[in-house]
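Since the structure comes first, as structure tokens, the remarks are kept for the end.
Numbering (our numbering), first residue to last: 185 to 436.
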């Protein structure tokens, strides 16, 4: 059996932000984020061969967390799998895009229907573990947004090039909080404007007061095909120069 992510402590009080802690007088001392306070948003495309196992791992690791799969106009094989899963898994919601809008907008569509205090976004081709999700949670205790990056990838691969972009960006005036943006995120839902079409990371850049990043032991699911991330990172940097304002999110 998969180990669950331990988001809480026994006999502890829960505050309105979904955090658990000890009672101190009449207030709750913030503690760990509860699974019920986290919605997991996953953009997906033609993931039929592996998506059922991916969803079941999420359910086992985060019992009680709502899961939103946003299908970006997949083929019929994947749609049949997603519809069956939505009917069989109570915590799962599937959004079907009528046309392909790309990973950024697909993720944003899933975030718009979330109602929990926190949102986690992750790609559909990563093998998730309790250690990976626990590391995001631990940093989330003290930050408004947390980005996670794959630790082990070839420097000649796409993720390796993405790492180079993260290092070079600040040399050209792009803030570190922009360069560190990643599709693996944990952040407070209130930081997003549901009516805005701008990328999630650009919104977080202007609204999050405390931002952090970490390296994660992310490995691809067997049989999954990795999507590009370097292009989206460069697009994020270009969007910053187009829309920048003097204020930036403090980096911790």
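We treat Cβ as the ideally placed atom computed from N, Cα and C, and that holds for glycine. From a predicted model like this one, the values you see are computed outputs, not experimental measurements.
Looking at the structure shown, is residue i part of a helix, part of a strand, or coil, going by DSSP?
{"i": "residue 262", "result": "helix"}
{"i": "residue 403", "result": "strand"}
{"i": "residue 325", "result": "coil"}
{"i": "residue 394", "result": "coil"}
{"i": "residue 279", "result": "strand"}
{"i": "residue 267", "result": "helix"}
{"i": "residue 241", "result": "helix"}
{"i": "residue 313", "result": "coil"}
{"i": "residue 379", "result": "coil"}
{"i": "residue 351", "result": "helix"}
{"i": "residue 408", "result": "coil"}
{"i": "residue 286", "result": "coil"}
{"i": "residue 365", "result": "coil"}
{"i": "residue 274", "result": "coil"}
Kindly identify the DSSP beta-bridge partner or partners of residue i.
{"i": "residue 249", "result": "The partner list for residue 249 (beta bridge, DSSP) is empty, contrary to what the question assumes."}
{"i": "residue 333", "result": "399"}
{"i": "residue 370", "result": "304 and 330"}
{"i": "residue 299", "result": "Residue 299 is not bridged to any residue."}
{"i": "residue 228", "result": "255"}
{"i": "residue 223", "result": "303"}
Please report the distance separating the alpha-carbon of residue i from that of residue j.
{"i": "residue 402", "j": "residue 245", "result": "15 Å"}
{"i": "residue 264", "j": "residue 366", "result": "29 Å"}
{"i": "residue 371", "j": "residue 385", "result": "10 Å"}
{"i": "residue 388", "j": "residue 312", "result": "24 Å"}
{"i": "residue 226", "j": "residue 317", "result": "14 Å"}
{"i": "residue 223", "j": "residue 381", "result": "20 Å"}
{"i": "residue 405", "j": "residue 255", "result": "18 Å"}
{"i": "residue 206", "j": "residue 375", "result": "Note that residue 206 scores 38 on pLDDT, short of 50, meaning its location in the model is unreliable; the coordinates nonetheless yield the value given after this. Residue 206 and residue 375: Cα-Cα distance of roughly 27 Å."}
{"i": "residue 291", "j": "residue 352", "result": "26 Å"}
{"i": "residue 280", "j": "residue 298", "result": "16 Å"}
{"i": "residue 373", "j": "residue 315", "result": "23 Å"}
{"i": "residue 310", "j": "residue 287", "result": "15 Å"}
{"i": "residue 368", "j": "residue 249", "result": "17 Å"}
{"i": "residue 308", "j": "residue 355", "result": "32 Å"}
{"i": "residue 253", "j": "residue 276", "result": "7 Å"}
{"i": "residue 278", "j": "residue 293", "result": "11 Å"}
{"i": "residue 238", "j": "residue 393", "result": "32 Å"}
{"i": "residue 379", "j": "residue 296", "result": "8 Å"}
{"i": "residue 306", "j": "residue 271", "result": "22 Å"}
Who are the Cβ neighbours of residue i in its own chain at under 7 Å, not counting the five residues just before and after it?
{"i": "residue 230", "result": "258, 259 and 262"}
{"i": "residue 283", "result": "257"}
{"i": "residue 391", "result": "375"}
{"i": "residue 285", "result": "256"}
Tell me which residues share the same chain as residue i and place their Cβ nearer than 6 Å to its Cβ, disregarding the 5 neighbours each side in the sequence.
{"i": "residue 233", "result": "407"}
{"i": "residue 397", "result": "331 and 364"}
{"i": "residue 321", "result": "217"}
{"i": "residue 304", "result": "222, 224 and 370"}
{"i": "residue 333", "result": "366 and 399"}
Looking only at its own chain, which residues have a Cβ that is under 8 Å from the Cβ of residue i, when we skip the five neighbours before and after it?
{"i": "residue 236", "result": "265 and 269"}
{"i": "residue 323", "result": "330, 370, 396 and 398"}
{"i": "residue 302", "result": "202, 217, 221, 222, 223, 324, 370, 371, 372 and 373"}
{"i": "residue 335", "result": "399, 400, 401 and 402"}
{"i": "residue 274", "result": "none"}
{"i": "residue 319", "result": "332, 398 and 400"}
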